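First up is the structure itself, then whatever we jot down about it.
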Amino acid sequence: MDPSTCLDGLSPERRASMLAAAYEIRECYRVLEKAGINLVGEVLRGQGEFVELEHYPRDDVFDSETHAQYYYHTHRDGELEHGHFHLFLRAGGMPSGSCPLDYPQASDVWPAGDEALGHLVAISMDGWGYPIGLFCTNRWVTAEAWYPAEQMIAMLDCFAIDHAFPNWALNRWLTAMLKLYRPQVESLIRQRDQVVAEWQARDPSADVFEDRHLEITGYLPIDVKALTLALEAAALK
510 MDPSTCLDGL SPERRASMLA AAYEIRECYR VLEKAGINLV GEVLRGQGEF VELEHYPRDD
570 VFDSETHAQY YYHTHRDGEL EHGHFHLFLR AGGMPSGSCP LDYPQASDVW PAGDEALGHL
630 VAISMDGWGY PIGLFCTNRW VTAEAWYPAE QMIAMLDCFA IDHAFPNWAL NRWLTAMLKL
690 YRPQVESLIR QRDQVVAEWQ ARDPSADVFE DRHLEITGYL PIDVKALTLA LEAAALK
């Protein structure tokens, strides 16, 4: 079964939450398409020439109440992907008790204090401005503090961008995407830690988090329409 649409083992409450998020996403698409614009176009609007590796919008998008943060950029070659959103949560918005991994052999300084952000997931986008995949990364990719998987999963409910910059529909869409794909994101985060642990076991004294040979720890192609249809069908049973 396609893991991106598999609903096995999910509670009715979880499925209902996911379906509500799917309808929120559908509404975001509706209002954007009505104006002849799209998600990627809105995050790049007014930002000048699109330059590889630059963050868009400049200085990222941040919600001072939730401490959620994101940016869009591109740095990987690919025929299907135009770029991707990186989603973060800063320390001020994390659940009580969240603490970065104690990692003595770190060869780079990890961000600390309120700057100790954690990377939740990345959303890959096609050239038409629609999502095509989810992925997690090694620490060096996002310069984050590294939180264990279960702590990261507990942070997912805390992510929300509740303002209108650079576009209200875009921010609502990002918030809803984490709800719609919550089970899949949880799996990607757990896979992330498993992959890192396997790489670390090959050389226990090395700083695995700075290993440029390990960039993407897991990738999942997605189809929002297919998952929405699966959720609607499940709701009728």
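The sequence shown begins at 510 in the working numbering and counts up by one.
Glycine is no exception: its CB is placed at the ideal position from the N, C-alpha and C atoms.
Being a predicted model, the structure only gives us computed values, none of them experimental.
For residue i, three-class secondary structure by DSSP
i, result
"residue 546", "coil"
"residue 639", "coil"
"residue 532", "helix"
"residue 646", "strand"
"residue 603", "coil"
"residue 597", "strand"
"residue 567", "strand"
"residue 726", "strand"
"residue 714", "coil"
"residue 526", "helix"
"residue 577", "strand"
Spatial distance of residue i from residue j (CA atoms)
i, j, result
"residue 568", "residue 596", "14 Å"
"residue 692", "residue 698", "10 Å"
"residue 638", "residue 679", "11 Å"
"residue 578", "residue 523", "25 Å"
"residue 747", "residue 664", "The structure shown does not extend to residue 747, since the chain spans only 510 to 746, so no value can be given for it."
"residue 673", "residue 682", "12 Å"
"residue 581", "residue 552", "7 Å"
"residue 543", "residue 660", "39 Å"
"residue 533", "residue 734", "12 Å"
"residue 743", "residue 526", "13 Å"
"residue 739", "residue 696", "19 Å"
"residue 560", "residue 570", "18 Å"
"residue 547", "residue 711", "44 Å"
"residue 671", "residue 686", "14 Å"
"residue 572", "residue 566", "14 Å"
"residue 690", "residue 713", "33 Å"
"residue 676", "residue 646", "26 Å"
"residue 511", "residue 732", "10 Å"
"residue 563", "residue 745", "45 Å"
"residue 707", "residue 604", "28 Å"
"residue 575", "residue 662", "16 Å"
"residue 709", "residue 519", "32 Å"
Identity of the residue in the options nearest residue i by Cα
i, options, result
"residue 584", "633, 701, 682", "633"
"residue 614", "744, 715, 732, 527", "715"
"residue 648", "662, 722, 739", "722"
"residue 702", "644, 516, 525", "644"
"residue 652", "621, 677, 573, 670", "621"
"residue 657", "685, 628, 521, 713", "628"
"residue 610", "741, 746, 745, 717", "717"
Close beta carbons around residue i, own chain, < 6 Å, minus the five adjacent residues each side
i, result
"residue 737", "531"
"residue 694", "630"
"residue 667", "598, 602"
"residue 719", "616, 617, 649"
"residue 619", "654"
Other residues of its chain near residue i: CB distance less than 7 Å, five sequence neighbours each side excluded
i, result
"residue 730", "513, 641, 642"
"residue 591", "549, 583, 634, 635, 636"
"residue 704", "726, 727"
"residue 589", "635, 641"
beta-carbon residue i near the ligand ADP non-hydrogen atom, thresh 6 Å
i, result
"residue 710", "Among the ligands in the structure shown, none appear at all, so the ligand ADP cannot be discussed."
8 Å Cβ shell around residue i - same chain, five flanking residues per side excluded
i, result
"residue 528", "737, 740, 741, 744"
- Any contact of the region 553 to 562 with the region 525 to 539, i.e. 3+ C-beta pairs under 8 Å? no
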